[in-house]
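Peer 1: Numbering (my numbering), first residue to last: 40 to 124.
Shown below is the structure under consideration.
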């Protein structure tokens with residue numbers, strides 16, 4: 040999966056679809072049964088940002104806000120928003 044998400048020859052749209060189809064369902068499996076806490080959405084958002092930064096080849100030392108990374112990926116944060124209350 041790493042080779043697909045970081046491959047320069049695959050368009051960013053295709054890589055985002057791969058992230059959405061293969062990674063997100065694994066992370067969000069049975070989220071409706073999770074106990075609500077402040078840490079879970081924060082961890083999901085951090086995981087999503089980690090994947091996006093890897094896809095866009097943004098080094099961890101680069102001082103870019105999460106909003107700038109989302110704008111570069113032309114994406115809205117979704118991992119933490121899929122949970123049903």
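Just so it is clear, CB atoms sit at the ideal spot from N, CA and C, and this is done for glycine as well.
In this structure, does DSSP put residue 130 in helix, strand or coil?
Peer 2: Outside the shown range of the chain (40 to 124) lies residue 130, about which nothing can therefore be said.
Peer 1: Is it true that the CB of residue 114 sits closer than 9 Å to the CB of residue 91?
Peer 2: Here residue 91 refers to the residue found at position 52 when the chain shown is read from its first residue. Here residue 114 refers to the residue found at position 75 when the chain shown is read from its first residue. Yes; because the gap between Cβ atoms is below 9 Å, this pair is in contact.
Peer 1: Would you mind working out which of 47, 62 and 45 sits nearest residue 86, comparing C-alpha positions?
Peer 2: Residue numbering aside, residue 86 sits at position 47 when the chain shown is read from its first letter. For the residues 47, 62 and 45, the minimum Cα distance to residue 86 belongs to 62.
Peer 1: Alpha helix (DSSP H) containing residue 99: first to last residue?
Peer 2: Within the chain shown, numbered from 1, the residue matching residue 99 stands at position 60. It is not in any alpha helix (DSSP H) - residue 99 carries neither H nor E in the DSSP assignment.
Peer 1: Does DSSP put residue 95 in a helix, a strand or coil?
Peer 2: Within the chain shown, numbered from 1, the residue matching residue 95 stands at position 56. The answer is coil: DSSP assigns residue 95 none of H, G, I, E or B.
Peer 1: Beta carbon of residue 45, beta carbon of residue 96: below 9 Å?
Peer 2: In the chain shown, the residue the question calls residue 45 occupies position 6. In the chain shown, the residue the question calls residue 96 occupies position 57. Cβ atoms of residue 45 and residue 96: closer than 9 Å.
Peer 1: When the Cα atoms are used, what is the spatial distance from residue 43 to residue 49?
Peer 2: Residue numbering aside, residue 43 sits at position 4 when the chain shown is read from its first letter. Residue numbering aside, residue 49 sits at position 10 when the chain shown is read from its first letter. Each residue's Cα considered, the two are about 7 Å apart.
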